[in-house]
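Chains as they are written, first to last, in the numbering used here: chain A, 1 to 356; chain B, 357 to 525; chain C, 526 to 939.
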């Protein structure tokens with residue numbers, strides 16, 4: 001009886017849908033599509049936010065362990081898991097201050113743009129076989145383009161703040177990011193050579209037998225160092241160095257604006273970690289566990305690998321002081337670029353011999 | 357270094373100063389363990405300081421004190437006293453010595469030569485004495501306020517006729 | 526060349542000679558007083574590109590007129606407020622005052638008080654140096670060192686509380702002795718807490734099983750623990766290649782300049798001058814104790830920090846000896862009423878505070894209040910080094926040089 005009623009309802013709903021004007025109907029159908037669900041739930045928004053929340057909690061706990069502290073304790077049932085939610089509520093409820101001299105339209109729009117752009121990276125990152133929001137043959141290039149564009153929003157934000165500390169931080173960021181993008185891309189180039197594709201899914205497929213970290217070890221080292229510099233983590237956190245520049249380019253940002261930048265920084269960190277796992281650590285390939293379907297096991301291995309990368313990057317913050325700008329550029333141009341070129345040469349030779 | 361050695365050295369130093377400068381040394385106050393003070397006129401303080409630095413290797417400035425002596429008992433006229441406490445680091449034997457070279461200037465016209473050309477380190481000390489007691493150091497390279505706020509317009513606060521607010525008693 | 530003129534004028538002239546910088550426009554900004562890198566203190570910094578061409582220190586934001594206040598308060602009530610300028614090192618600030626008053630009154634404290642004073646002064650020196658080292662870590666972008674130093678400092682502060690009754694501002698020294706004796710036994714909770722921490726940090730039990738409750742043995746246990754911890758600090762920060770790169774050769778203060786500028790303490794000893802008031806003009810129990818005065822010849826920020834590090838080791842040595850040699854007996858001559866009269870006269874007394882030689886000039890007119898108290902605090906004497914050092918360096922070096930001077934704004938402003 002009840003199933004009959006349900007069927008009635010379903011038919012009525014379908015009729016209603018058919019009578020709707022076309023754009024609206026398409027939109028409602030899109031809401032039910034695979035892409036939308038992916039964008040909202042798994043490789044998309046909800047997953048990103050959970051992953052970022054976990055990363056921040058993990059960082060706080062890990063650093064607390066290194067520093068003989070306790071870290072967050074009280075919010076959330078277990079070990080301050082929900083501390084970040086409390087922080088977010090605090091930040092969002094703060095007054096939004098725009099400095100008098102700031103260029104208001106730019107100042108206000110840049111945090112939003114920065115947050116949106118860094119989330120966009122995840123549209124092209126496959127988290128498992130088929131688990132990608134926007135499948136593309138040039139997904140690696142797209143990811144790289146977005147990674148290259150995000151710092152520009154920060155540059156504009158620093159400029160629009162019209163503060164001296166923001167200005168100096170911005171200039172530092174420009175030096176850092178634009179000089180580290182060269183070795184970054186050179187390291188990626190060797191991978192595309194080896195996989196003969198710009199498609200991230202194909203790159204992972206190519207690592208089924210051998211993760212690229214083994215032939216392209218130099219590239220992995222260069223990639224990891226440049227990735228840390230790109231996401232401004234210790235020891236490369238010069239643009240926001242607290243003791244020198246108050247908070248660098250973030251100095252004038254408060255409340256929700258600051259929250260967006262903070263979020264964007266961690267999203268970028270997570271994206272970098274996943275990218276490292278995809279490019280060098282064999283992506284979702286891992287030993288199969290009986291009873292668990294491949295479609296779940298893939299993302300599991302990938303996230304595990306990226307967590308190991310995140311652990312390494314976070315641990316650096318506990319043990320290294322910050323380096324200076326001159327040293328940073330010195331390493332970038334004199335060490336990392338030659339290393340990356342050497343790496344390309346090694347990979348090319350290996351391909352010629354037929355090892356990869 | 358025992359105390360008697362220090363006393364001996366200081367006694368020799370003061371004898372030498374008296375021989376060299378004669379009447380220019382107005383007063384000598386030697387109290388073992390407490391202080392060894394040489395009072396000279398403001399005109400010749402620079403001369404004495406240069407002599408002390410070059411001949412006795414007193415090259416290390418420990419502090420510059422300014423005092424308003426006007427409320428001391430038995431004080432005939434109102435004067436400020438500026439004391440340079442100097443020691444030595446280049447000479448091993450003089451390490452424990454602190455000599456106080458002082459001068460008295462009148463409170464109505466507090467001008468004296470700056471000793472920054474003799475002891476570089478006196479720069480900040482003299483700036484402090486300048487703002488706290490209103491002593492004008494001639495020849496100081498950068499005589500500005502140091503600790504007091506820019507809007508301070510009252511008397512120099514360490515003069516005795518300045519009464520701190522809330523402490524009128 | 527370096528020391529021809531006063532700081533401001535010199536910077537201006539120097540600026541002209543640096544033709545390489547004239548190509549770029551200058552940017553002047555003030556670092557502080559609301560800046561995480563300076564504290565209550567302002568530096569007006571002029572930069573060309575990333576290079577600093579001028580630094581004009583501007584103290585005075587926490588000036589509270591200690592010297593004027595001394596003229597309104599009695600000889601005894603001066604002690605509590607005199608330790609406020611340097612609360613981390615309150616013993617160092619009151620020590621010369623008390624010595625000066627004792628010299629004026631011509632009294633000498635009992636033997637046990639002398640040793641207690643030495644223990645207290647050295648404890649505070651370690652606490653202050655730990656703060657220095659920890660914040661050096663922060664200023665270099667290394668937050669772990671800060672947390673480690675402050676975690677360990679806690680047990681030294683507890684020891685201070687045990688002896689003096691207060692954690693930081695204890696007003697322990699009085700003319701003619703110390704305020705109270707050290708307790709014979711340590712409270713059980715403190716011992717328990719400390720042995721737990723000992724196990725957690727060093728990963729082993731205290732040798733010989735139970736942590737002792739006897740005061741002397743407990744102090745020795747804390748010394749042992751702290752010695753072990755100091756050995757762990759070295760590889761964590763001071764031997765880290767990035768830290769060495771950031772501090773070696775940065776902020777060079779040559780030996781002659783250090784002497785003629787009149788800097789004190791670790792800054793002076795980091796420039797290779799062996800000068801320590803505890804050795805040169807020994808007071809209280811220091812003549813009976815064997816210790817070294819560490820000096821470094823590097824003259825740079827790294828040398829200054831390392832001098833601070835080695836001084837902590839020496840202080841531990843001093844505390845060990847003082848605790849072992851400390852005789853029994855009274856700890857003060859007599860209980861002073863709030864108002865005592867001090868004979869007229871003048872005195873100049875020095876003691877080695879944590880940041881360097883701290884001197885007091887005191888003039889008494891024979892009443893119950895001082896006529897004039899002049900504090901020559903170590904930070905004030907180190908202030909002059911700042912415009913000389915923060916020049917021709919990068920912006921990133923400013924916090925390193927600034928903090929390698931161990932400058933404490935409150936102590937400077939008084």
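Just so you know, even glycine gets a beta-carbon here, dropped at the ideal spot from N, CA and C.
Taking 8 Å as the upper bound on Cβ-Cβ separation, chain A lies near residues 919, 920 of the stretch 909-920 of chain C. In this structure, residue 876 (chain C) keeps its C-beta atom at 9 Å or more from the C-beta atom of residue 820 (chain C).
Around the Cβ of residue 318 (chain A), a 10 Å sphere holds 16 or more other Cβ atoms; the residue is buried. Rounded to the nearest angstrom, the gap between the Cα atoms of residue 65 (chain A) and residue 672 (chain C) is 11 Å.
Following the DSSP letters along the chain, one finds residue 424 (chain B) inside the beta strand (DSSP E) bounded by residues 416-424.
Interface with chain A (9 Å Cβ-Cβ cutoff): residue 668 (chain C) is included. Going by C-alpha positions, residue 419 (chain B) is about 5 Å away from residue 441 (chain B). Residue state for residue 821 (chain C) is assigned as coil, using DSSP reduced to three classes.
Take residue 909 (chain C), set aside five residues on each side of it, and the residues of its chain with a beta-carbon closer than 6 Å to its own are 786, in chain order. Pairing residue 895 (chain C) with residue 888 (chain C) gives a Cβ-Cβ distance under 9 Å. Taking 9 Å as the threshold, the shortest C-beta distance from residue 620 (chain C) to chain A does not fall below it. Nearest in C-alpha terms to residue 156 (chain A), of all of A:144, A:69, A:169, is A:169. Contact annotation: in the stretch 402-434 of chain B, residues whose CB is within less than 7 Å of a CB in chain C are 415, 416, 417, 418, 419, 421, 423, 428, 429. Within chain B, the residues 427, 428, 429 have their CB atoms less than 9 Å from the CB of residue 890 (chain C), given in chain order.
Below the 9 Å Cβ cutoff, chain C contributes 552, 554, 572, 575, 920 as neighbours of residue 168 (chain A), in chain order.
DSSP, reduced to helix, strand and coil, places residue 42 (chain A) outside both helices and strands of the structure shown, so it counts as coil.
Counted as a single uninterrupted DSSP element, the beta strand (DSSP E) harbouring residue 870 (chain C) occupies residues 870-878.
Among the CB atoms of chain C, none fall inside 9 Å of the CB of residue 490 (chain B). In the structure shown, residue 576 (chain C) adopts extended strand secondary structure according to DSSP, grouped into three states.
Listed along the chain, the chain C residues whose CB falls inside 9 Å of the CB of residue 51 (chain A) amount to none; the nearest CB is some 24 Å away. Between residue 146 (chain A) and residue 117 (chain A), the CB-CB gap stays under 9 Å.
Chain order gives the chain A residues near residue 663 (chain C) as 242, 243, where near means a beta carbon separation below 9 Å. When DSSP reads this structure, residue 441 (chain B) sits in a beta bridge with B:419, B:456. Counting along the chain, the unbroken beta strand (DSSP E) around residue 468 (chain B) starts and ends at 467-469. The shortest CA-to-CA distance from residue 707 (chain C) to any of C:726, C:633, C:740, C:776 is the one to C:740. Below the 8 Å Cβ cutoff, chain C contributes no neighbours of residue 511 (chain B), its closest Cβ being approximately 12 Å away.
Put simply, of C:577, C:625, C:605 the residue whose alpha carbon is nearest the alpha carbon of residue 808 (chain C) is C:625.
Residue 913 (chain C) is classed as buried because its beta carbon has at least 16 other beta carbons within 10 Å across all chains shown. For residue 795 (chain C), the three-state secondary structure derived from DSSP is coil.
Around residue 632 (chain C), no beta-carbon contact reaches into chain B at under 9 Å, the shortest distance being about 12 Å. For residue 606 (chain C), no Cβ of chain B is located within less than 9 Å of the residue's own Cβ. Cβ contact annotation for residue 487 (chain B) (same chain, cutoff 7 Å, sequence separation greater than five): 501, 502, 503, 504, 512, in chain order. Between the alpha carbons of residue 25 (chain A) and residue 14 (chain A) lies a gap of roughly 11 Å. Assigned with DSSP and collapsed to three states, residue 568 (chain C) falls in strand. Between the C-alpha atoms of residue 474 (chain B) and residue 781 (chain C) there is a straight-line separation of about 14 Å. For residue 741 (chain C), the closest Cβ of chain B is not nearer than 9 Å.
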